[in-house]
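Going by UniProt numbering, the residue at position 296 of the sequence shown is 296; the numbering climbs one at a time, nothing skipped.
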Amino acid sequence: MGESRRSWKSKVEASFDKRALRILKEEGCEASFGPQESFIHLASDIFAAGGPWKMTMDQILNEIKRCQDIWKTFEGDCLSLEANIRASEQDLAKFKEEYELLSQNLLEAENEAKAQEGSFQKMLQLGKKDSTQLMQEKQALEYELKQLHAAQEEILKMPAALPNKEMVFKGHVEKEKMDSFPEMLTFVPQIRYPVLGGSALITFEDPEVARRVIQMGQHCIQLDEWSYVHVKAEAMTLLLPSFLKQISLKQSSQQVLLSGLSAFSVPKDQLYDKLALFFSKRKNQGGEVDHWEQLTNSDNIVLTFVDDGVAQRIVEKGLFQVPLGKVTHQIKASHCLHGEIADLQLHPSFCARTVLLTEIPDVLGRELMCEALEIHFQKQSKGGGESSSERERERRRRRRRRRRRRRRRRRRRRRRRRRRRRRRRRRRRRRRRRRRRRRRRRTSKSKGSGRLVVVTGGGSFASSRLVLPKNALSYVSQDSAVIVAK
1 MGESRRSWKS KVEASFDKRA LRILKEEGCE ASFGPQESFI HLASDIFAAG GPWKMTMDQI
61 LNEIKRCQDI WKTFEGDCLS LEANIRASEQ DLAKFKEEYE LLSQNLLEAE NEAKAQEGSF
121 QKMLQLGKKD STQLMQEKQA LEYELKQLHA AQEEILKMPA ALPNKEMVFK GHVEKEKMDS
181 FPEMLTFVPQ IRYPVLGGSA LITFEDPEVA RRVIQMGQHC IQLDEWSYVH VKAEAMTLLL
241 PSFLKQISLK QSSQQVLLSG LSAFSVPKDQ LYDKLALFFS KRKNQGGEVD HWEQLTNSDN
301 IVLTFVDDGV AQRIVEKGLF QVPLGKVTHQ IKASHCLHGE IADLQLHPSF CARTVLLTEI
361 PDVLGRELMC EALEIHFQKQ SKGGGESSSE RERERRRRRR RRRRRRRRRR RRRRRRRRRR
421 RRRRRRRRRR RRRRRRRRRR RRTSKSKGSG RLVVVTGGGS FASSRLVLPK NALSYVSQDS
481 AVIVAK
């Protein structure tokens, strides 16, 4: 370390001497000593004033201090350079170690890459084969998807196969309530639940009453003064559709749905036979009819033709004027769609107001047993309350009263109308009589009146006075003669 320090000092001194010589040359002075004699030189202004030997003692001391400061800075730089050299040597050793490690890792990675290159090429070939197979499968699926979209568009383009139904809304609609309704179609399912023998269903107005009846479980029902019956009350659960995933629709090419048949007053069998005859004619866009079928709970029928394409022609026309005697009626023809539920999910639903009664013995008739059950479950002491059947009876009574009132009002209106018509007829008759009397009076007072004499055969007789014009002509024939005398 000492040798290195000395070498650094000699280098710094040499560089300082060179720097001082360069400064003196720039100032225009020449040094009277060599570069190895001393590295301290006077300033250029001192040389310009009186030369190097005319310097004062203060100037020399200042120059010495300046040079000492320069030396201290150079010495600090040397120390920092030595520290940097040490740090760089340490970093160099670390970098060498890291280089060796990286070179080893690189060699290992190259060997592994060479080993994996063959496997990657094999995998690449297999991937190319798989990609070609996937592309073929994709093309096949796209073709199937296009076919499904085309079929769906055809189904959507089809007119609605719903029968015509005239509906009249007689109610008050509030805008606030209509705005609060969701923009979706909601429906309430109406389910027909088969009840087994020895069981019955009872529906209450209040769900709390049904809950109390179910909590009690067993009920003792009195049939008469000496007989009792024990029944069991259970909760009513139904399986309701929760989610309909898919419905498959298929349009029939040979069937047509005919609607609007409720206006006909002909028996159904004759009507259907006449419709089959009407649509079997070629001029009505029809064809040979195979058979017809009436839909359940509806007046609509489905006609099935023998040939394909006949149904399409009839549906394109849509409306038909069918003559029935002297009256023609309008019938609508639409597509016949057959649907099948592919996936339907059900969930159990609890009926809050309905109770299932089981273990009912067969000791009374149906009506008597129903009355006994209703009477028992209407008593609040037995945990019951007002049932919907009693409520329904009261509603029916009110409806009957309303109908009777309406009938009475209609009868009164009819009687009033008849009286008014009779009065009008009497007034008209009186007016006509008055007019006739006035005409007769006017004709009797007119100037051109005469006496009509009719002469026949060999005699004559005078007729009643008639109204004749002034210049009346006489009519004479072989059998009779009419003479008007003025």
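For each residue, glycine too, the CB sits at the ideal point set by N, CA and C. Fair warning: this is a prediction, and the values are worked out from it, not measured in the lab.
Less than 9 Å separates the beta-carbon of Val-229 from that of Ala-372. Ranking Asp-299, Pro-361, Ala-333, Glu-340 by CA distance to the CA of Arg-313 puts Ala-333 first.
By the neighbour-count criterion, in which a residue is buried when 16 or more other Cβ atoms sit within 10 angstroms of its Cβ, Val-363 is exposed. Counting of Cβ neighbours within 10 angstroms places Leu-201 among the exposed residues, the total staying below 16. By the criterion of at least three beta-carbon pairs nearer than 8 Å, the segment 345-352 is not in contact with the segment 284-301. By the criterion of a C-beta distance shorter than 8 Å, Leu-319 is surrounded in its chain by Gln-330, Ile-331, Lys-332, Ala-333, once the five residues flanking it on both sides are discounted. Three or more Cβ pairs drawn from the segment 247-260 and the segment 297-304 lie within less than 8 Å of each other, which places the two stretches in contact.
Rounded to whole angstroms, the separation of the alpha carbons of Gln-321 and Phe-278 is 10 Å. Within the model, the alpha-carbon separation for Gln-90 versus Met-123 is close to 47 Å. Note that the C-beta distance between Ala-233 and Leu-337 is not below 9 Å. When beta bridges are read from the DSSP output, Trp-292 appears opposite Leu-303.
In the structure shown, the three-state DSSP call for Gln-378 is coil.
Residue environment: Phe-204 is assigned as buried (16 or more neighbouring CB atoms within 10 Å of its CB, all protein chains considered).
Residue pairing by DSSP places Lys-332 opposite Ser-259, Leu-319 in a beta bridge.
Contact annotation: Gln-345 and Ser-242 have beta-carbon atoms nearer than 9 Å. At the C-beta level, Met-236 and Thr-328 stay beyond 9 Å of one another. Take the alpha-carbon of Leu-126 and the one of Ser-119: they are about 11 Å apart. A direct Cα-Cα distance of roughly 47 Å separates Leu-102 from Gln-136.
Distance from the CA atom of Lys-129 to the CA atom of Lys-138, rounded to whole angstroms, is 14 Å.
Straight across, the Cα-Cα distance linking Arg-429 with Arg-438 is about 14 Å. Leu-271 is not a Cβ neighbour of Leu-238, given a cutoff of 9 Å. Annotated three-state conformation of Leu-196 is coil, per DSSP. Taking C-beta atoms under 8 Å as the contact rule, Val-315 and Gly-287 fail to qualify, at a distance of about 13 Å.
Boundaries of the alpha helix (DSSP H) around Ile-214: 207-216.
The Cβ atoms of Thr-358 and Gly-217 lie no closer than 9 Å to each other. One Cα belongs to Ala-140, the other to Lys-146, and the distance between them is close to 10 Å. Residue pairing from DSSP places His-338 in a beta bridge opposite Lys-250. Of Ser-80, Leu-92, Lys-445, Leu-249, the smallest CA-CA separation from Ile-341 is found for Leu-249.
Within the same chain, and ignoring the five residues on either side of Pro-361 in sequence, the residues whose Cβ sits closer than 8 Å to its Cβ are Gly-198, Val-229. The Cβ atoms of Gln-251 and His-149 do not sit closer than 9 Å to each other.
Taken through DSSP and simplified to helix, strand or coil, Val-355 comes out as strand.
Here Gln-215 is not near His-376, since their CB atoms are 9 Å or more apart.
The three-state secondary structure of Leu-368, taken from DSSP, is helix.
Distance check between Ser-298 and each of Gln-285, Pro-267, Gly-260 places Gly-260 closest, using alpha-carbon atoms only. In this structure Met-57 is exposed. Its beta-carbon is surrounded by fewer than 16 other beta-carbon atoms within 10 angstroms.
Checking the DSSP bridge columns, you'll see Gln-222 partnered with Tyr-228.
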